[in-house]
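**Student:**
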Amino acid sequence: MGKHFGELYKMRHIITYSISPLEQRAFAGYFSKGFPNMLRRAKNRIFRIFPQFVVGYIIYSWGNSENARSIRKGFEGTTE
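Here the UniProt record's numbering is used: the first residue of the sequence shown is 1, the next is one more, and so on.
1. Which of helix, strand or coil does DSSP assign to G56?
2. With DSSP collapsed to three states, give me the class of E66.
3. When you measure from the CB of G63 to every non-hydrogen atom of the ligand MN, does any distance come out below 8 Å?
4. Please report how far the alpha carbon of residue 100 lies from the alpha carbon of A26, in whole angstroms.
Structure below.
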């Protein structure tokens with residue numbers, strides 16, 4: 001009735017290579033090279049990213065406090 005799954009269609013002029021899942025190393029070099037590289041990159045960018053998070057947190061907390069203040073019953077708001 002057909003071929004087995006994985007051999008459903010034979011493509012011509014296309015070469016594919018594959019490796020057995022049992023031969024692959026999913027985390028090869030992760031702890032020896034990848035993790036230290038990630039720490040080095042994060043250390044180099046901390047002063048570029050951290051101030052933005054601080055400003056964002058200050059604006060977020062200010063917005064929450066203003067919202068809580070404005071939904072109180074006796075809030076008059078600013079009249080111009």
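A virtual CB, placed ideally from N, CA and C, is assigned to each residue, including glycine.
On a predicted model such as this, the values are computed, not experimentally measured, just so you know.
**Tutor:** Well, looking at it:
1. Looking up residue 56 in the sequence shown gives position 56. If DSSP states are grouped into helix, strand and coil, G56 belongs with the helices.
2. Indexing the sequence shown from 1 puts residue 66 at position 66. It is helical.
3. Among the components of this structure there are no ligands whatsoever, and the ligand MN is therefore not found.
4. In the structure displayed, the chain extends from 1 to 80; residue 100 sits before or after that span and is not available.
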